[in-house]
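To keep things clear, I will list the structure first and then write my remarks on it.
Residue numbers (my numbering): 2 to 186.
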């Protein structure tokens with residue numbers, strides 16, 4: 002059990018038959034009345050975000066999310082195949098379970114498959130990935146105002162904004178949590 006007074010970002014717990022992960026929390030102590038905890042919660046199964054307020058003494062059962070390394074092999078239509086790194090068993094997941102989490106993942110990349118009580122609900126890509134730029138317009142000399150960017154398509158098909166000096170064929174590092182360009186490799 003975890004009390005609302007012990008909330009931290011990333012903590013997962015069960016509430017009303019659902020599993021939630023804390024995205025943001027704030028302990029509020031008003032001048033008048035009792036203290037409370039204001040939170041922004043993400044439903045780990047559906048991906049929905051809700052805001053909820055708790056009394057600091059409220060207790061919820063902690064939820065254990067299992068994260069296991071799998072290698073992304075390939076996709077066949079709506080099915081995406083992953084291989085367990087230990088047993089070499091293949092596991093197909095459909096596109097509904099994955100959402101857009103594979104936007105920055107290419108074949109043979111190791112990802113974490115997330116499950117709760119044996120049921121898989123998502124995939125977590127590595128925090129930083131190195132991908133090749135397959136298509137972008139050339140930057141022009143003189144277009145060097147601070148922070149100027151242009152769209153670039155990566156080898157996985159995702160499109161992100163990159164600085165003007167990045168050209169087609171460059172390999173860049175991308176933060177998968179935010180989808181932002183980090184640096185040229």
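Backbone N, C-alpha and C define an ideal beta-carbon position, used for all residues, glycine too. Predicted, not measured: the structure shown is a model, and the values here were computed from it.
Straight-line CA distance for residue 76 to residue 16? Working through the chain shown from its first residue, we reach residue 76 at position 75. Working through the chain shown from its first residue, we reach residue 16 at position 15. C-alpha separation (whole angstroms): 34 Å.
I'd like the list of long-range same chain contacts for residue 79, defined as Cβ closer than 6 Å, with 5 residues on each side in sequence excluded. Indexing the chain shown from 1 puts residue 79 at position 78. Hits under 6 Å: 95, 96.
Give me, in chain order, the residues of the same chain whose beta-carbon lies closer than 8 Å to that of residue 136; leave out the 5 immediate sequence neighbours on both sides. Numbered from 1 along the chain shown, position 135 holds the residue referred to as residue 136. The answer, listed in chain order, is 153, 154, 169.
Taking just the CA atoms, how far does residue 87 sit from residue 13? Here residue 13 refers to the residue found at position 12 of the chain shown. Here residue 87 refers to the residue found at position 86 of the chain shown. In a straight line, the C-alpha of residue 13 is about 26 Å away from that of residue 87.
Could you spell out where the beta strand (DSSP E) holding residue 153 opens and where it closes? For the purposes of this step, residue 153 is identified with residue 152 of the chain shown, where counting begins at 1. Its beta strand (DSSP E) spans residues 150-155.
Proximity winner among 105, 45, 35, relative to residue 24 (alpha-carbon distances): Stepping through the chain shown from its first residue, residue 24 is reached at position 23. The shortest C-alpha separation from residue 24 is found at 45.
Exposure label - residue 129; buried when at least 16 CB within 10 Å: Walking along the chain shown from the start, residue 129 turns up at place 128. Exposed, since its Cβ has fewer than 16 Cβ neighbours within 10 Å.
Express the C-alpha separation of residue 40 and residue 29 in angstroms, rounding to a whole number. On the chain shown, residue 29 is found 28 positions in, with the first residue counted as 1. On the chain shown, residue 40 is found 39 positions in, with the first residue counted as 1. Their Cα atoms are separated by approximately 10 Å.
Residue 48 and residue 100 - do their beta-carbons sit closer together than 9 Å? By one-based count along the chain shown, residue 100 stands at place 99. By one-based count along the chain shown, residue 48 stands at place 47. Yes, the pair counts as a contact, with Cβ atoms nearer than the cut-off.
Note down, in chain order, each residue of its chain lying with its Cβ closer than 6 Å to the Cβ of residue 64, except the 5 sequence neighbours on either side. Position 63 of the chain shown, counting from 1, holds the residue named residue 64. Within the same chain, residue 64 has close Cβ partners 13, 14, 15, 20.
Going by DSSP, what residue range makes up the alpha helix (DSSP H) through residue 1? In the structure as shown, the chain begins at 2 and stops at 186. Residue 1 is therefore absent and cannot be evaluated.
Select from 179, 186, 176, 180 the residue whose C-alpha is nearest the C-alpha of residue 166. Reading the chain shown from its first residue, position 165 is the one you call residue 166. Ranking the options by Cα distance to residue 166, first place goes to 186.
Taking a contact to mean a Cβ-Cβ separation below 9 Å, would you say residue 57 touches residue 37 in this structure? For the purposes of this step, residue 57 is identified with residue 56 of the chain shown, where counting begins at 1. For the purposes of this step, residue 37 is identified with residue 36 of the chain shown, where counting begins at 1. Against a cut-off of 9 Å, the Cβ pair of residue 37 and residue 57 comes out as a contact.
Can you tell me which residues form a DSSP beta bridge with residue 55? Taking the first residue of the chain shown as position 1, residue 55 is located at position 54. Answer by DSSP bridge pairing, in chain order: 38.
Give the DSSP-derived three-state secondary structure of residue 7 in the structure shown. The sequence position of residue 7 within the chain shown is 6, counting from 1. Residue state, collapsed to three classes: helix.
Residue 89: buried (16+ other C-beta within 10 angstroms of its C-beta) or exposed? For this step, residue 89 is matched to residue 88 along the chain shown. Residue 89 comes out exposed.
In three-state DSSP terms, what is residue 123? Counting from one through the chain shown, the residue named residue 123 turns up at place 122. Here residue 123 sits in strand by DSSP.
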